[in-house]
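Peer 1: Here it is, the structure, as structure tokens.
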């Protein structure tokens, strides 16, 4: 069976990344290519996510400074290396459901981590930022869908997804245990 390979050009990566930033900073319309990117991102499992996805998120994370400072959570089977781009959630219930009581829980207080980027880094060199993908989906829903299906938006807005680099120096990790 052939495995799905999401591929885009360097120009498309830059266009999608800039559109993602502009959606939240300038209230820009969501491009069709951005809709396709987001749909492919959320529907592709961890083993299927390839370089094209991470290249776009790398551009976004280096150039987007969020205006909110939530506490974010991630569950994983093993602690990944620092710097890996991954999905986090703002809802602890999502983590409980995904972890099934095993693996590790990573917790990041973005108020603490972003204080350094805000003070010492410039646009294009942010290191500890995150991107609130859920806010893009909410904007799409509130403006009539913007190319997303109603089913897709209903399903994924509840995941409260954020994109962020794993940085164990500025987060806490815990081993999950099943309740007995």
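In the numbering used here, the protein residues as written are 352 to 531. Virtual Cβ for every residue (Gly too), placed ideally from N, Cα, C.
1. Along the chain, which unbroken stretches of the alpha helix (DSSP H) at least 4 residues long are found entirely within the stretch 451-500?
2. For residue 402 and residue 360, what's the separation of their Cα atoms in angstroms?
3. Determine which residues share a DSSP beta bridge with residue 423 and list them.
4. Inspect the beta-carbon positions of residue 512 and residue 438 and report whether they are closer than 8 Å.
5. Helix, strand or coil: how does DSSP classify residue 437 here?
6. Note down, in chain order, each residue of its chain lying with its Cβ closer than 8 Å to the Cβ of residue 497, except the 5 sequence neighbours on either side.
7. Is it buried or exposed for residue 441, if we count other Cβ within 10 angstroms and need 16 for buried?
8. Compute the beta-carbon to beta-carbon distance between residue 486 and residue 375, rounded to the nearest angstrom, for a pair I have assumed lies under 8 Å.
9. What did DSSP end up calling residue 352 once you bin it into helix, strand or coil?
10. What three-state label does DSSP hand residue 514 in the structure shown?
11. Tell me which residues share the same chain as residue 503 and place their Cβ nearer than 6 Å to its Cβ, disregarding the 5 neighbours each side in the sequence.
Peer 2: On the basis of the coordinates in this document:
1. With a minimum length of 4 residues, the continuous alpha helix (DSSP H) runs that stay inside the stretch 451-500 are 461-471 and 484-493.
2. For the purposes of this step, residue 402 is taken as the residue at position 51 of the chain shown. For the purposes of this step, residue 360 is taken as the residue at position 9 of the chain shown. Taking the straight line joining both Cα atoms gives about 11 Å.
3. Walking along the chain shown from the start, residue 423 turns up at place 72. According to DSSP, residue 423 bridges with 459.
4. Taking the chain shown and counting its residues from 1, one reaches residue 512 at position 161. Taking the chain shown and counting its residues from 1, one reaches residue 438 at position 87. Yes, these two residues count as a Cβ contact at 8 Å.
5. Position 86 of the chain shown holds residue 437. Note: residue 437 maps to strand in three-state DSSP.
6. Here residue 497 refers to the residue found at position 146 when the chain shown is read from its first residue. For residue 497, where only same-chain residues beyond five positions count, the Cβ hits under 8 Å are 380, 381, 386, 490 and 491.
7. As a first step, residue 441 is located in the chain shown; it is residue number 90 there, counting from the start. It is buried - the Cβ of residue 441 has at least 16 other Cβ atoms within 10 Å.
8. Here residue 486 refers to the residue found at position 135 when the chain shown is read from its first residue. Here residue 375 refers to the residue found at position 24 when the chain shown is read from its first residue. That pair is a contact at about 6 Å.
9. Counting from 1 along the chain shown, the entry for residue 352 is found at position 1. Because the pLDDT of residue 352 is 44, which lies under 50, any placement of that residue in the model is unreliable, and the number read from its coordinates should be weighed accordingly. In this structure, residue 352 counts as coil in the three-state DSSP scheme.
10. Taking the chain shown and counting its residues from 1, the one referred to as residue 514 is at position 163. Reduced to three states, the DSSP call for residue 514 is strand.
11. Taking the first residue of the chain shown as position 1, residue 503 is located at position 152. Result list for residue 503: empty, nothing under 6 Å.
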